[in-house]
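**Student:**
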Amino acid sequence: MNNTDLIHLIKRFMRNEHKAVEEVIDSPLSEVANLIKILQSCQGKVVFIGVGKSGIIARKLAATFASTGTPSFFVHGTEAVHGDLGMVAKDDVVILISNSGETAEILATLPSLKKMGNYLISFIRSHHSSLAISCDLSVEIPVKSEADNLGLVMLPTY
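If you're matching positions, the sequence shown starts at 166 in the numbering used here and goes up one per residue.
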């Protein structure tokens, strides 16, 4: 691939990212406003749960929150159902991240989290997903396509 091809590819990638930001700006932001209010009133920690690419995003968000002084941590969805939910306290707000909203490992955490009484928030692509329906608040990510042509690179999704 020569420099001209690379520059063309970079520009296309950046245009896709720009389009994704525009889609979020043009979406109803009332869910985000509600999310901010809930996080401001959180008496515990903010717990992020995800698996796969969504888990990587959840881990990054937990690190970002912690670096800004918000007590937070990441729990891998698979480990959560094998004992790691013991780290979660009843005053914690739990944010579950799943592109499809149907990730089995994430859905498997719901009975325990509901029993503990945590406030549950989902970041999902569709409000019609099982995860969205099961949470107290769902923030729909309105991005229609991913950054690459094959739909494999999740940059604009989260």
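Every residue gets a Cβ at the ideal spot worked out from N, C-alpha and C, and that includes glycine. Just so we're clear, the structure is a prediction, and the values are computed from it rather than from any experiment.
(1) I think S277 touches L250, with their Cβ atoms under 8 Å apart; what is that distance to the nearest whole Å?
(2) Please list the segments of the beta strand (DSSP E) lying wholly inside the segment 240 to 283, counting only runs of 3 or more residues, in order along the chain.
(3) Rounded to the nearest angstrom, what separates E196 and Q205 at their Cα positions?
(4) DSSP beta-bridge partners for S237?
(5) Is L226 helix, strand or coil when you go by DSSP?
(6) Looking at the structure shown, is I286 part of a helix, part of a strand, or coil, going by DSSP?
(7) Using only CA atoms, which one of K210, V246, G266 and K255 lies nearest to I306?
(8) Between the alpha carbons of F238 and P193, how many angstroms are there, rounded?
(9) Given this structure, state the Cα-to-Cα distance separating K255 from M281, to the nearest angstrom.
(10) What does a CB cutoff of less than 7 Å around V216 pick up in its chain, not counting 5 residues either side in sequence?
**Tutor:** Answer, in terms of the structure:
(1) What you label residue 277 is simply residue 112 of the sequence shown in a count that begins at 1. What you label residue 250 is simply residue 85 of the sequence shown in a count that begins at 1. About 5 Å separates the CB atoms of S277 and L250; that is less than 8 Å, so the two are in contact.
(2) 258 to 262, all fully within the segment 240 to 283.
(3) Taking the sequence shown and counting its residues from 1, the one referred to as residue 196 is at position 31. Taking the sequence shown and counting its residues from 1, the one referred to as residue 205 is at position 40. Distance between the alpha carbons of E196 and Q205: 14 Å.
(4) Here residue 237 refers to the residue found at position 72 of the sequence shown. V211.
(5) For the purposes of this step, residue 226 is taken as the residue at position 61 of the sequence shown. Three-state result, L226: helix.
(6) Position 121 of the sequence shown, counted from the start, is the residue given in the question as residue 286. DSSP places I286 in strand when its eight states are reduced to three.
(7) Counting from 1 along the sequence shown, the entry for residue 306 is found at position 141. Nearest C-alpha to I306 among K210, V246, G266 and K255: G266.
(8) Taking the first residue of the sequence shown as 1, we reach residue 238 at position 73. Taking the first residue of the sequence shown as 1, we reach residue 193 at position 28. Between F238 and P193, the C-alpha separation is close to 28 Å.
(9) Looking up residue 255 in the sequence shown gives position 90. Looking up residue 281 in the sequence shown gives position 116. C-alpha separation (whole angstroms): 6 Å.
(10) Counting from one through the sequence shown, the residue named residue 216 turns up at place 51. Only residues of its own chain outside the window of five on either side were considered, and among them H241, G242, T243, T268, E270 and I271 have a CB closer than 7 Å to the CB of V216, listed in chain order.
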